[in-house]
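*Asks:* If you scroll down you'll find the structure; I have some questions about it.
This is the structure in structure tokens:
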């Protein structure tokens with residue numbers, strides 16, 4: 043595993059040519075309209091807001107902000123209805139949930155130990171001392187942590203693939219999948235709202251949202267909606283009311299926003315002033331570029347006729363491997379000599 | 002109150018006061034007491050025969066003498082623990098007249114239903130950020146209701162907290178809060194709920210705040226009160242609001258006698274209330290001899306003695322909190338293993354604080370997030 047500062051943030055094959063915007067929370071400081079306009083992301087706007095769960099239909103504030111109507115996929119009630127009609131499907135998803143929890147418990151056993159070891163080593167190392175014996179131990183310690191994350195993510199990926207392949211056979215999903223497919227095929231921009239990141243990801247997989255999306259459509263996701271677009275969904279909180287606050291890999295994302303890890307609510311949920319914590323998170327997730335997205339902030343791909351680079355919008359932060367956080371004062375290409 | 006970093010700063014101030022009198026006190030712009038590390042220097046300016054500090058810390062002399070260091074200035078230095086919060090008043094004796102007053106040199110006050118006390122805090126104490134109003138966060142609302150009680154034969158005011166974005170189509174857990182109007186006013190309960198819900202640290206929850214006109218009697222393990230909660234208040238809430246079913250979604254909260262009322266109600270109605278949040282509970286008991294706490298405790302002590310002789314499981318989860326400056330800490334420490342032996346998942350959180358509303362406010366996050374853990378890790382709105 044290469045232990046280096048990540049400056050790539052390049053897109054993967056799945057997203058070449060597509061404009062993608064990852065945004066921070068939109069409640070207190072809505073900026074979506076400005077981001078869409080600035081990046082030339084046009085309608086028709088199709089919305090998936092399954093992360094809002096039972097409030098999925100409440101699109102009034104969003105439409106008011108956008109100044110136009112959105113076509114809401116309605117994935118939340120469609121799924122609830124399918125579960126009622128197809129008990130096997132419901133049991134399949136419940137079984138996946140139980141297995142996810144068990145996989146998570148297994149992962150946590152090693153995760154807390156690996157992180158504790160890293161924190162201990164980082165506390166002892168003296169980089170300025172030419173005879174620092176601890177420094178060289180950090181590289182394999184980070185490798186062990188990344189290997190653990192990758193192993194867990196692979197197991198969840200396997201579980202997901204099995205589960206959603208089986209779910210795709212359910213007749214109870216077919217009519218809604220087809221209905222959503224038509225909307226998605228005609229979409230100019232797919233909007234993905236935040237909320238419960240696990241539920242959002244599941245509903246998008248169940249109804250094959252990314253597979254059905256118009257290949258040239260842009261995508262704008264905020265908060266959890268940004269997280270699901272990335273390669274891996276990272277759950278994080280440095281100071282939860284209970285527990286250690288160890289960031290963890292929840293599982294794979296859709297990989298459309300390749301090379302980026304999106305951390306919405308970063309200033310609230312992370313101790314960004316704690317350089318050791320920031321360094322651990324950033325180096326652990328390398329080579330992905332770790333981006334802090336607070337209220338209204340954004341990172342955009344393809345906004346300036348450059349479809350292969352990510353550009354930090356004003357205020358958005360880049361968590362660097364030295365533990366510092368670079369804040370963009372104006373639109374800045376990720377990795378551009380900060 | 003001010004915090005100083007310089008070592009021996011207090012000695013220097015003391016010397017200056019002794020030399021210059023009131024002018025040296027006035028020169029300390031941040032006021033008194035001055036806290037330096039774990040030491041706090043109090044001052045009083047005025048004509049008096051005696052000055053004392055009353056602080057209600059269990060185990061210490063409740064009245065500590067100031068020393069006259071100048072004809073019109075009195076000082077006292079005490080030790081304060083790291084994260085301590087100490088409420089106090091000054092007792093000033095002049096010509097045989099005793100006056101209990103707030104510290105005129107200290108702007109930091111703690112309010113309660115009986116007035117206000119002055120406050121001194123240790124160097125590590127910080128007022129919790131999650132108890133402060135944040136208008137950027139979504140706000141819940143508090144509805145006012147009247148409950149005509151057949152059991153008490155009168156009308157009881159209720160303040161009902163509905164979480165932000167309350168929807169009839171969604172169902173919520175119910176927390177019933179004794180002395181609820183005081184919790185709203187003196188413990189900032191609404192602000193705390195708004196913040197914790199917004200942060201996803203607890204799920205959206207409905208809180209019914211009830212207030213007794215005679216809490217000393219009604220909260221002292223009173224069967225009519227338990228019946229009022231279980232048979233009148235809960236049904237009203239279930240009729241009017243969209244609630245999740247089952248004991249895991251019914252909780253009782255109370256402080257002092259309110260904690261006794263909560264425990265007693267849960268024991269009177271087994272399997273109705275799955276969660277209890279008991280703050281500085283007045284769980285006095287007597288293994289031997291009189292309790293010595295006055296007649297208002299008679300019913301409480303009888304109840305706790307009975308419970309200790311024949312314990313049962315009042316709820317699935319019980320969160321206890323108590324200040325180490327309270328004499329009640331002994332009873333709360335004693336209750337914890339008793340509950341755990343009944344199969345209750347119980348914890349006790351102690352704090353360097355006393356029997357007051359800010360202590361109860363400061364433990365709300367611990368208790369609420371333990372009893373009602375929110376979807377913090379999974380929700381990013």
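Chains as they are written, first to last, in the working numbering: chain A, 43 to 380; chain B, 2 to 382.
We treat Cβ as the ideally placed atom computed from N, Cα and C, and that holds for glycine.
#1: Cutting at 6 Å between CB atoms, please list the residues of its own chain near residue 242/A, excluding the five before and the five after it.
#2: Listing by chain order, which chain A residues have their CB less than 7 Å from the CB of residue 48/B?
#3: Is the distance from the Cβ of residue 88/A to the Cβ of residue 101/A below 7 Å?
#4: For residue 237/A, name the three-state secondary structure that DSSP assigns.
#5: Suppose you measure from the CA of residue 274/B to the CA of residue 91/B; what does that come to, to the nearest Å?
#6: Could you spell out where the alpha helix (DSSP H) holding residue 219/A opens and where it closes?
#7: Taking only the alpha-carbon atoms, compute the straight-line gap between residue 33/B and residue 363/B and give it to the nearest angstrom.
#8: Drop a sphere of 10 angstroms on the beta-carbon of residue 37/B, count the other beta-carbons inside from all chains shown, and report buried for 16 or more, exposed for fewer.
#9: Just to confirm my understanding: we take residue 244/B, look at its own chain, exclude 5 residues before and 5 after, and list those with CB closer than 8 Å. What are they?
#10: Starting from the Cα of residue 128/B, find the closest Cα among 165/B, 113/B and 188/B and give me that residue.
#11: Please confirm if the segment 216-223 of chain A is in contact with the segment 167-182 of chain A, defined as three or more CB-CB distances below 8 Å between the two stretches.
#12: Just how far apart, CA to CA, sit residue 209/B and residue 148/B?
#13: Can you pull the chain A neighbours of residue 382/B, defined as C-beta to C-beta under 7 Å?
#14: With 7 Å set as the bound, which would you pick, yes or no: does the beta-carbon of residue 25/B sit closer than that to a beta-carbon of chain A?
#15: When you compare only the Cα positions, how much space is there between residue 121/B and residue 111/B?
#16: Could you give the DSSP three-state label for residue 49/A: helix, strand or coil?
#17: Any C-beta of chain B within less than 7 Å: which residues of the segment 276-299 of chain A qualify?
#18: Just to confirm my understanding: we take residue 372/B, look at its own chain, exclude 5 residues before and 5 after, and list those with CB closer than 7 Å. What are they?
#19: Quick one: does residue 178/A have its CB under 7 Å from some CB of chain B?
#20: To the nearest angstrom, how far is it from the Cα of residue 380/B to the Cα of residue 310/A?
#21: May I ask you to list the residues that DSSP assigns as paired with residue 124/B?
#22: In angstroms, rounded to a whole number, what distance separates the CA positions of residue 26/B and residue 267/B?
#23: Specify the secondary structure class of residue 83/A as computed by DSSP and reduced to three states.
#24: From this set, 323/A, 333/A and 211/A, which residue's C-alpha is nearest residue 132/A's C-alpha?
#25: Which runs of the alpha helix (DSSP H) fall wholly inside the segment 94-160 of chain B and span at least 4 residues, in chain order?
#26: If you draw a straight line from the alpha carbon of residue 49/A to that of residue 376/A, how long is it in whole angstroms?
#27: Residue 378/B CB to nearest chain A CB: under 7 Å?
#28: Within the 7 Å Cβ cut-off, does residue 383/A reach chain B?
#29: Report the neighbours of residue 351/A on chain B: residues whose CB is nearer than 8 Å to its CB, in chain order.
#30: Give the DSSP bridge partners of residue 24/A, in chain order.
#31: Which same chain residues, not among the five before or five after residue 60/B, have their C-beta less than 7 Å away from its C-beta?
#32: By DSSP, does residue 150/A sit in helix, in strand, or in coil?
#33: Enumerate in chain order the residues of its own chain whose CB-to-CB distance from residue 23/B is below 7 Å, with the five nearest sequence positions on each side excluded.
#34: Report all residues from its chain with a CB closer than 6 Å to the CB of residue 157/A; omit the five preceding and five following residues, and keep chain order.
#35: Name the two residues that bound the continuous beta strand (DSSP E) containing residue 373/B.
*Replies:* Based on what the coordinates show:
#1: Start at 1 with the first residue of the first chain, and residue 242/A comes out as number 200. Taken in chain order, the residues that qualify are 92, 93, 266 and 270.
#2: For this step, residue 48/B is matched to residue 47 along the second chain. Those within 7 Å of residue 48/B in chain A number zero; the least Cβ separation is about 50 Å.
#3: Taking the first residue of the first chain as 1, we reach residue 88/A at position 46. Taking the first residue of the first chain as 1, we reach residue 101/A at position 59. No, the Cβ-Cβ distance between residue 88/A and residue 101/A is not below 7 Å.
#4: For this step, residue 237/A is matched to residue 195 along the first chain. Reduced to three states, the DSSP call for residue 237/A is strand.
#5: Taking the first residue of the second chain as 1, we reach residue 274/B at position 273. Taking the first residue of the second chain as 1, we reach residue 91/B at position 90. Cα to Cα, residue 274/B sits roughly 43 Å from residue 91/B.
#6: Counting from one through the first chain, the residue named residue 219/A turns up at place 177. Start and end: 213-227.
#7: Position 32 of the second chain, counted from the first residue, corresponds to residue 33/B. Position 362 of the second chain, counted from the first residue, corresponds to residue 363/B. For residue 33/B and residue 363/B, the distance between alpha carbons rounds to 24 Å.
#8: Sequence index remark: in the second chain, residue 37/B carries index 36 (1-based). Buried, by the Cβ-count rule.
#9: Here residue 244/B refers to the residue found at position 243 when the second chain is read from its first residue. Closer than 8 Å at Cβ, skipping near neighbours: 172, 173, 174, 175, 207, 238 and 250.
#10: Numbered from 1 along the second chain, position 127 holds the residue referred to as residue 128/B. The candidate whose alpha carbon is nearest that of residue 128/B is 188/B.
#11: no
#12: For this step, residue 209/B is matched to residue 208 along the second chain. For this step, residue 148/B is matched to residue 147 along the second chain. Residue 209/B and residue 148/B: Cα-Cα distance of roughly 12 Å.
#13: Taking the first residue of the second chain as position 1, residue 382/B is located at position 381. Those within 7 Å of residue 382/B in chain A are 67, 69, 236, 237 and 265.
#14: Taking the first residue of the second chain as position 1, residue 25/B is located at position 24. So, not an interface residue.
#15: For the purposes of this step, residue 121/B is identified with residue 120 of the second chain, where counting begins at 1. For the purposes of this step, residue 111/B is identified with residue 110 of the second chain, where counting begins at 1. Those two C-alpha atoms are separated by around 10 Å.
#16: Locating residue 49/A in the first chain gives position 7, counting from the first residue. Its pLDDT being 31, under 50, residue 49/A is placed unreliably in this model, and the value from its coordinates should be taken loosely. Correct three-state label for residue 49/A: coil.
#17: 277, 279, 282, 283 and 284
#18: Taking the second chain and counting its residues from 1, one reaches residue 372/B at position 371. Closer than 7 Å at the Cβ level, and outside the excluded window around residue 372/B, lie 252, 276, 278, 318 and 320.
#19: By 1-based counting over the first chain, the position of residue 178/A is 136. For residue 178/A, the answer is no, since every Cβ of chain B falls outside 7 Å of its Cβ.
#20: In the second chain, the residue the question calls residue 380/B occupies position 379. In the first chain, the residue the question calls residue 310/A occupies position 268. Roughly 13 Å separates the two Cα atoms.
#21: As a working mapping, residue 124/B is identified with position 123 in the second chain. Answer by DSSP bridge pairing: none, since residue 124/B is not bridged.
#22: The residue given as residue 26/B occupies position 25 in the second chain. The residue given as residue 267/B occupies position 266 in the second chain. Residue 26/B and residue 267/B: Cα-Cα distance of roughly 53 Å.
#23: In the first chain, residue 83/A corresponds to position 41, counting from 1. Coil.
#24: Residue mapping note: residue 132/A aligns to position 90 of the first chain, counting from 1. Cα-wise, what sits closest to residue 132/A is 211/A.
#25: Within the segment 94-160 of chain B, no complete alpha helix (DSSP H) run reaches 4 residues.
#26: Position 7 of the first chain, counted from the first residue, corresponds to residue 49/A. Position 334 of the first chain, counted from the first residue, corresponds to residue 376/A. Its pLDDT being 31, under 50, residue 49/A is placed unreliably by the model, and nothing is read from it.
#27: For the purposes of this step, residue 378/B is taken as residue 377 along the second chain, with counting starting at 1. Output row for residue 378/B: interface = yes.
#28: In the structure as shown, chain A begins at 43 and stops at 380. Residue 383/A is therefore absent and cannot be evaluated.
#29: Within the first chain, residue 351/A is the residue found at index 309, counting from 1. The premise fails here: residue 351/A is roughly 25 Å from chain B at the closest Cβ pair, so nothing lies under 8 Å.
#30: Here chain A has residues from 43 to 380 only, and residue 24/A is not among them.
#31: Residue mapping note: residue 60/B aligns to position 59 of the second chain, counting from 1. Closer than 7 Å at the Cβ level, and outside the excluded window around residue 60/B, lies no residue.
#32: On the first chain, position 108 is the one that residue 150/A refers to. Looking at residue 150/A - three-state DSSP - the assignment turns out to be helix.
#33: Here residue 23/B corresponds to residue number 22 of the second chain, with the count starting at 1. Counting only Cβ-Cβ distances below 7 Å, and skipping sequence neighbours, we find 46, 73 and 74.
#34: Within the first chain, numbered from 1, the residue matching residue 157/A stands at position 115. Hits under 6 Å: 288.
#35: As a position in the second chain, residue 373/B is number 372, starting the count at 1. That residue, residue 373/B, is in no beta strand (DSSP E); it is neither H nor E in DSSP.
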